[in-house]
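First up is the structure itself, then whatever we jot down about it.
In UniProt numbering, the protein residues as written are 1 to 307.
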C-alpha cells in the first residue's frame with residue numbers, strides 16, 4: 001500500500017535530519033528511474049507477503065498498527081515536522097491519516113482471507129476508477145469494462161473467493177481512491193515530507209485500537225516488534241524513498257504505467273513467498289486489470305506534460 005503520492009518537487013522550510021540527496025546521490029543516482037519504481041513495487045509486495053506471515057503472531061490489525069507506528073517514527077525523526085498549522089491544514093492531515101489507516105486495515109483484512117494477488121488486483125480498482133472518472137476520453141470506458149471483467153473473473157472462477165475478503169479489498173480500493181484525492185490536498189498544503197510524517201503518525205493512532213484488540217500484549221513481544229519494523233521498512237519507508245527519487249527523474253505518466261504492474265507483482269510475491277498458486281483464469285483476470293490500468297494511464301501520452 002502506497003504512502004507516497006505527495007508532490008516530489010515541493011520545497012521544505014524544515015530540512016530533514018538526514019539529507020536525502022546526500023544519502024541517495026551515489027546509491028540511487030546510478031540506478032535508472034524505471035528500475036527504482038520496480039524495486040519499490042517489489043519491496044512493497046514482498047513486504048505485504050511477509051506481513052501476511054505474521055498474522056498468526058499478531059493478527060492483521062496488529063501488523064497494520066506496527067507498520068504504521070514504525071513508519072511514522074522513522075518519518076518524524078527524518079523530517080521533524082512543525083506542529084504549527086491552521087485548522088484546515090490540520091483537518092487535511094487528520095483526514096489523510098484516517099484514510100491511510102482505514103486503507104491498510106481493510107487490505108490486511110483482505111490478505112487474511114484471500115490470496116495476495118487477488119486482493120491487490122481488486123484494490124487496484126480504486127486508483128483506476130479515479131483515473132477513468134477524471135478522464136473525458138471515450139476509450140476509458142473500454143478500460144473500465146476490461147477491469148470490471150477481470151475482477152468478475154477473479155472472484156468467480158477457479159472455485160471463487162471468500163466474499164468477506166473481496167468486500168474488504170473493495171473497501172480498501174475505495175479508500176485508496178480517497179487517499180489519492182486527500183493526498184493531493186495534503187501536497188498542496190504542506191511541504192516536503194512533513195505532511196506525510198504527521199499524517200502517518202495520525203494514521204498510527206487510528207490503527208492502534210485495531211492492533212490492540214487483535215493482538216493485545218503480543219504486540220510487545222520482541223520478535224513481533226522486530227518483524228513489524230521490517231514490514232514498515234519494506235512496505236512504507238523503502239518504496240516511498242525509491243518512488244520519490246524516481247519521480248524526480250521521470251514523467252508521472254511513465255511512473256503510472258510502471259505502477260500498473262502492482263497486481264501482477266503481488267500475485268508473484270504471493271506465489272513465491274506464500275505458495276499461493278492462482279488458477280489460469282485468475283491470471284487472465286489479473287492481466288485484464290493490468291492492461292486496463294496501463295491503457296488508462298498510457299492513453300494520456302498525447303497530453304502536454306506539466307512543468
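Backbone N, C-alpha and C define an ideal beta-carbon position, used for all residues, glycine too.
Cut-off 6 Å between Cβ atoms - residues of its own chain near residue i, not counting five sequence neighbours on either side
| i | result |
| --- | --- |
| residue 54 | 63, 227 |
| residue 288 | 146, 149, 150 |
| residue 129 | 177 |
| residue 168 | 106, 109, 110 |
| residue 173 | 123, 125, 126 |
| residue 234 | 43, 47 |
| residue 250 | 33 |
| residue 316 | Only positions 1 to 307 of the chain appear in the structure, and residue 316 is not among them; the question remains open. |
Option nearest residue i by Cα separation, candidates the options
| i | options | result |
| --- | --- | --- |
| residue 197 | 34, 65, 78, 56 | 78 |
| residue 100 | 84, 247, 201 | 201 |
| residue 59 | 235, 115, 210 | 210 |
| residue 90 | 143, 113, 187, 68 | 187 |
| residue 162 | 113, 173, 217 | 113 |
| residue 189 | 33, 243, 96, 245 | 96 |
| residue 120 | 237, 51, 251, 286 | 286 |
| residue 92 | 34, 44, 184, 153 | 184 |
| residue 293 | 280, 80, 126, 249 | 126 |
| residue 283 | 229, 39, 122 | 122 |
| residue 204 | 131, 102, 191 | 102 |
| residue 320 | 86, 138, 250 | Since the first residue of the chain shown is 1 and the last is 307, residue 320 is not available in this structure. |
| residue 360 | 277, 254, 278, 166 | Since the displayed the chain opens at 1 and closes at 307, residue 360 lies outside it and no answer follows. |
| residue 291 | 247, 124, 235 | 124 |
| residue 236 | 38, 222, 39, 67 | 67 |
| residue 280 | 170, 134, 154, 233 | 154 |
| residue 157 | 118, 242, 80 | 118 |
| residue 61 | 247, 87, 206, 136 | 206 |
| residue 86 | 249, 135, 242, 195 | 195 |
| residue 30 | 256, 242, 252 | 242 |
| residue 84 | 256, 39, 135, 191 | 191 |
Buried/exposed call for residue i, threshold 16 Cβ in 10 Å
| i | result |
| --- | --- |
| residue 140 | buried |
| residue 176 | buried |
| residue 75 | buried |
| residue 107 | buried |
| residue 82 | exposed |
| residue 275 | exposed |
| residue 33 | buried |
| residue 214 | buried |
| residue 193 | buried |
| residue 44 | buried |
| residue 220 | exposed |
| residue 71 | buried |
| residue 51 | buried |
| residue 171 | buried |
| residue 164 | exposed |
| residue 247 | buried |
| residue 267 | buried |
| residue 232 | buried |
Close-in-space but distant-in-sequence residues of the same chain around residue i (CB under 8 Å, 5 per side omitted)
| i | result |
| --- | --- |
| residue 41 | 239, 258, 259, 261, 262, 265 |
| residue 208 | 65, 69 |
| residue 182 | 92, 95, 96, 99 |
| residue 277 | 271 |
| residue 230 | 47, 50 |
Cβ neighbours of residue i in the same chain (closer than 7 Å, five flanking residues each side left out)
| i | result |
| --- | --- |
| residue 25 | The predicted position of residue 25 is uncertain, since its pLDDT is 49 and thus under 50; no value can be drawn from it. |
| residue 49 | 116, 269, 270, 273, 274 |
| residue 57 | 218, 224 |
| residue 199 | 93, 96, 97, 100, 186 |
| residue 179 | 99, 100, 103 |
| residue 132 | 140, 143, 144, 296 |
| residue 166 | 114, 122, 155 |
Range of the contiguous alpha helix (DSSP H) that encloses residue i
| i | result |
| --- | --- |
| residue 36 | 33-53 |
| residue 259 | 252-259 |
| residue 241 | 238-247 |
| residue 276 | First-last for residue 276: undefined, no H or E at that position. |
_Minimum length 3: unbroken beta strand (DSSP E) runs contained in the segment 70-153_ = none
*Which ranges would you report for the alpha helix (DSSP H) in the segment 160-227 if only whole runs of at least 4 residues count?*
163-189, 194-215
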